[in-house]
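Below: the structure, in structure tokens.
There are 2 protein chains.
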Amino acid sequence: MIIDSHAHVMLPQERQIEMMKQAGIERTILFATTIHPETARDIDEFATELKNLYDILNGRKNPVQERIASTTELVQIVKNNPEKYIGFGPIPLGLSYDENLEWIERYILANHFKGIGELAPGTGQAGKLEPLFQASHEAGDLPLWVHTFFPLSFADIKVLLGLAAKYPAIPLIVGHLGGVNWLDTLKAVRELPNVYLDLSATFTTVAPAFAIQEYPERTLFSSDAPYASPLVARSILEQIVPDKQVLQEVLGGNIARLLNL
Amino acid sequence: MIIDSHAHVMLPQERQIEMMKQAGIERTILFATTIHPETARDIDEFATELKNLYDILNGRKNPVQERIASTTELVQIVKNNPEKYIGFGPIPLGLSYDENLEWIERYILANHFKGIGELAPGTGQAGKLEPLFQASHEAGDLPLWVHTFFPLSFADIKVLLGLAAKYPAIPLIVGHLGGVNWLDTLKAVRELPNVYLDLSATFTTVAPAFAIQEYPERTLFSSDAPYASPLVARSILEQIVPDKQVLQEVLGGNIARLLNL
Chain A
5 MIIDSHAHVM
15 LPQERQIEMM
25 KQAGIERTIL
35 FATTIHPETA
45 RDIDEFATEL
55 KNLYDILNGR
65 KNPVQERIAS
75 TTELVQIVKN
85 NPEKYIGFGP
95 IPLGLSYDEN
105 LEWIERYILA
115 NHFKGIGELA
125 PGTGQAGKLE
135 PLFQASHEAG
145 DLPLWVHTFF
155 PLSFADIKVL
165 LGLAAKYPAI
175 PLIVGHLGGV
185 NWLDTLKAVR
195 ELPNVYLDLS
205 ATFTTVAPAF
215 AIQEYPERTL
225 FSSDAPYASP
235 LVARSILEQI
245 VPDKQVLQEV
255 LGGNIARLLN
265 L
Chain B
5 MIIDSHAHVM
15 LPQERQIEMM
25 KQAGIERTIL
35 FATTIHPETA
45 RDIDEFATEL
55 KNLYDILNGR
65 KNPVQERIAS
75 TTELVQIVKN
85 NPEKYIGFGP
95 IPLGLSYDEN
105 LEWIERYILA
115 NHFKGIGELA
125 PGTGQAGKLE
135 PLFQASHEAG
145 DLPLWVHTFF
155 PLSFADIKVL
165 LGLAAKYPAI
175 PLIVGHLGGV
185 NWLDTLKAVR
195 ELPNVYLDLS
205 ATFTTVAPAF
215 AIQEYPERTL
225 FSSDAPYASP
235 LVARSILEQI
245 VPDKQVLQEV
255 LGGNIARLLN
265 L
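These protein sequence lines are chains A and B, in that order.
Under my numbering, the first residue of the first sequence is numbered 5, with each subsequent residue one higher.
Under my numbering, the first residue of the second sequence is numbered 5, with each subsequent residue one higher.
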């Protein structure tokens, strides 16, 4: 089965379903969004959407209310197409252990989401995720999906991987493969079997090629739609992975095993 | 004609020619290289190649000798396939006006190269390119190709665009579209008709999509091989550009007009 392991809610929904169909994607692990850049018709409208996102990430807009609203949207969309979508739910950054656990019970488990994300700590903030690792462990070791492209440095990624080493039962999905730090990230995860590598936001095809060569069972195809087209993301992998059996695992088998689909 | 407007010399050459053929690319604007990452068989060998590159960029290896050697390699390879390749020649960063002019005459014009690059100033160093702009103007306004992905910040890119404004007869090719600063870069080049946008190293398909929408006559298809596969780079654009006439210009017409091919 071909599974897009990371895409955000897009509007209108018909367009997202159509894009999945065009790319031959049977299921999508769907993440909430607080903005809808896919509706922007030009760079000014796109910039306005991004500004809204930064206002939330930086706390100028209420991150809790925004995440509850985007969770409500995600729940409804998954409910409308349960055979196509599996949800991962958002959570505000910086909650205490108790607050994380309460949020997980109320907004993640109650909504039958299979994991938590997209988590996007800023530079120097990755350590704030530790109470969430603890709460996720208490709640049954839910997978965590963390954005590791810009603005994270490799120092931030090392903090994150330190948490993965400390909580080895929790699957950690390293979103976007460490960004420009992909090579150091690949070297650093060798002894961390609970770390999975998300292959979206590929700016050099060398990165996913080596990632898959080194970790064929821990690399996950995803589009990060609407930031990339699912068809483009799939065709990149089809062109760089020569082994058809490995390709099949990366395109769906690995995430299916991780989430018990 | 389909023209890959930016790729580096790859070894063995038969492989590069084969990759062009697979991607339906008729001509490639070929750039020198001081390393050959395409020969790396695993991440350790790839890391060794990158270390060699950083040693040259940081001056630990002699950047002048390395660039003369890579120019010699490029000259020979272009000479072996003059119907397939057009060369852009390298130049060390930080030369004076006179040194730049001497280098251009000796290593660029004498070798019939059509432009200069890849230039890769570090953070805070873009201003060091001004003597090169002056010398290029004196030598007939040769196009300059500048890497603008990491480690450049938008402050660096603004310095670079300031030089483009000051020397409006010199075509400046903004390599990799400004990287994570692509949106600010797109906004900043509106009144700079001598600035061209290179579409390689795409980590989000939104970036080239808006770049082409805003500047259909100034956007240039390229692979940046060996850092990305030419076929992948071409298929990304084919999937995101709905207008076939625009696509044809981006895939070759624009660079052909710029270089009078």
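Note that beta-carbon positions come from the ideal geometry of N, C-alpha and C, so glycine has one too.
At least one CB atom of chain B sits nearer than 8 Å to the CB of F154 (chain A). A contact is defined here as three or more CB-CB pairs under 8 Å, and the region 147-159 of chain B meets this definition with respect to the region 174-186 of chain B. D145 (chain B) is positioned such that its CB atom lies closer than 8 Å to that of I174 (chain B).
Across the set A:R31, A:N66, A:P16, A:H10, the C-alpha of A:R31 shows the shortest separation from the C-alpha of L265 (chain A).
Contact check between the region 221-238 of chain A and the region 246-263 of chain A: three or more CB pairs, one atom from each, fall below 8 Å, which counts as touching.
At least 8 Å separates the beta-carbon of I39 (chain B) from that of I6 (chain B). Remark: three or more beta-carbon pairs, one from each stretch, lie closer than 8 Å, so the region 235-248 of chain B and the region 195-211 of chain B are flagged as touching. Residue-level contact by beta carbon holds for P41 (chain B) and chain A, with a gap shorter than 8 Å.
Out of B:T189, B:A51, B:L113, B:I161, the CA that lies nearest to the CA of T127 (chain B) is found in B:I161.
Per DSSP, the continuous beta strand (DSSP E) segment holding A11 (chain A) begins and ends at 7-12. The closest CA to that of V254 (chain B), considering only B:A215, B:S233, B:A169, is found on B:A215. The C-beta of K191 (chain B) comes closer than 8 Å to at least one C-beta of chain A. Think of a sphere of 9 Å around the beta carbon of I244 (chain B): the chain A residues whose beta carbon falls inside it are S233, V236, in chain order. Inter-residue distance for L105 (chain B) and F137 (chain B) is about 10 Å (C-alpha atoms, whole angstroms). When DSSP states are grouped into helix, strand and coil, G166 (chain B) belongs to the helix group. Chain A places a beta carbon closer than 8 Å to that of F50 (chain B), counting this residue as a contact.
CA-to-CA, the gap between E134 (chain A) and H12 (chain A) works out to about 25 Å. The Cβ-Cβ distance between I90 (chain A) and I33 (chain A) falls below 8 Å. In the DSSP assignment, V150 (chain A) is bridged to A:L123, A:V178. For L190 (chain B), the CB contacts under 7 Å within the same chain, skipping 5 residues up- and downstream, are F214, A215, E218 in chain order. Ranked by how close their Cα comes to the Cα of L97 (chain A), the residues A:K83, A:P234, A:P125, A:W107 have A:P125 in first place. When beta bridges are read from the DSSP output, Y200 (chain A) appears opposite A:I177. Taking the beta carbon of E218 (chain A) as reference, the chain B residues within 9 Å of it are D46, I47, listed in sequence order. Contact annotation: A159 (chain B) and L196 (chain B) have beta-carbon atoms that are not nearer than 8 Å. For Y58 (chain A), the enclosing alpha helix (DSSP H) stretches over residues 47-61. Residues of the same chain with a CB within less than 8 Å of the CB of S100 (chain B), apart from the 5 flanking positions on each side, are P135 in chain order.
Within chain B, the C-beta atoms nearer than 7 Å to that of V184 (chain A) come from F154, in chain order.
Taking 8 Å as the cut-off, the Cβ atoms of M24 (chain A) and E42 (chain A) do not count as close. A Cβ of chain B is located within less than 8 Å of the beta carbon of A205 (chain A). Put simply, of A:E221, A:Q129, A:V184 the residue whose alpha carbon is nearest the alpha carbon of V163 (chain A) is A:Q129. Contact with chain A is found for S239 (chain B), since one of that chain's Cβ atoms lies less than 8 Å from the residue's Cβ. Close to L187 (chain A), with beta-carbon spacing below 8 Å, are these residues of chain B in chain order: I47, F50, A51, L54.
By alpha-carbon distance to K248 (chain B), the top candidate from B:P220, B:L262, B:P234, B:V236 is B:P220. T208 (chain B) reaches chain A at A205, Y231, A232, counting residues in chain order whose Cβ is nearer than 7 Å. Sequence-distant partners of I244 (chain B) (beyond 5 residues in either direction) whose C-beta falls short of 7 Å from its own C-beta, in its chain, are T209, P212, A213. As computed with DSSP, Y111 (chain B) is found in no beta bridge at all.
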